[in-house]
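Here is the structure we will look at, set down as structure tokens.
Numbering (my numbering), first residue to last: -5 to 176.
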């Protein structure tokens, strides 16, 4: 299995957009936090989150290949099949079967909602927000419109309330606040 340093190097090789790299790190943080909550392997879940959009620049105009191309890129590395399945499941191309599949699917848009909430807060810091603050924005359909609310609400597949899930998201991203820049 890749270690985090090697995975981050791979991300920087394939992804040039700094905001996308931050998104991938944010997803990593939330996935690690959820893994801890569920008693799962934090490194595997974290690396799955970090690598999930590895192909985005290549597949942005060909969404049907998104996730599948990442799996192709990762084929030369020692990546667990369940991580590869979650990467294919996060854009909805294959059925969500495992807890990790379901988590990555719901976490992906949650990070965008949290980032948008941070940026609108006067302090512009993760430390300044909580789930209630983010969820007030959640109800505003035009706020962070790209953050698919139905996909975020799929956290119910993890038997987590929207409030719990959102707080896990904030907490997981806080663990990487230095890398995220807020």
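We put the beta carbon where it would ideally sit given N, CA and C, even for glycine.
DSSP three-state assignment for residue i, whether helix, strand or coil
i: residue 70; result: coil
i: residue 138; result: coil
i: residue 75; result: helix
i: residue 124; result: coil
i: residue 155; result: coil
i: residue 92; result: coil
i: residue 40; result: helix
i: residue 52; result: helix
i: residue -4; result: coil
i: residue 85; result: coil
i: residue 10; result: coil
i: residue 57; result: helix
i: residue 33; result: coil
i: residue 175; result: coil
i: residue 170; result: coil
i: residue 17; result: helix
8 Å CB neighbourhood of residue i in its chain, flanking five on each side removed
i: residue 15; result: 5, 6 and 9
i: residue 165; result: 27
i: residue 169; result: 23, 26 and 27
i: residue 145; result: 99, 100, 102 and 103
Cβ separation of residue i and residue j, assumed to be a contact under 8 Å, to the nearest whole Å
i: residue 60; j: residue 21; result: With a Cβ gap of about 14 Å, residue 60 and residue 21 do not count as contacting.
i: residue 104; j: residue 176; result: 16 Å between Cβ atoms; not a contact.
i: residue -5; j: residue 74; result: 7 Å
i: residue 138; j: residue 107; result: 5 Å
i: residue 101; j: residue 163; result: 7 Å
Per-residue burial, residue i [other beta carbons within 10 Å of its own, 16 or more giving buried]
i: residue 24; result: buried
i: residue 96; result: buried
i: residue 132; result: buried
i: residue 71; result: exposed
i: residue 109; result: buried
i: residue 54; result: exposed
i: residue 1; result: buried
i: residue 49; result: buried
Own chain residues within Cβ distance below 7 Å of residue i, not counting five before or after
i: residue 147; result: 156
i: residue 52; result: 63
i: residue 42; result: 25, 77, 80, 81, 94 and 98
i: residue 129; result: 156, 157 and 160
i: residue 123; result: 111, 112, 115 and 164
i: residue 118; result: 112 and 176
Chain-order list of residues whose beta-carbon lies under 6 Å from that of residue i (same chain, five-residue window excluded)
i: residue 86; result: none
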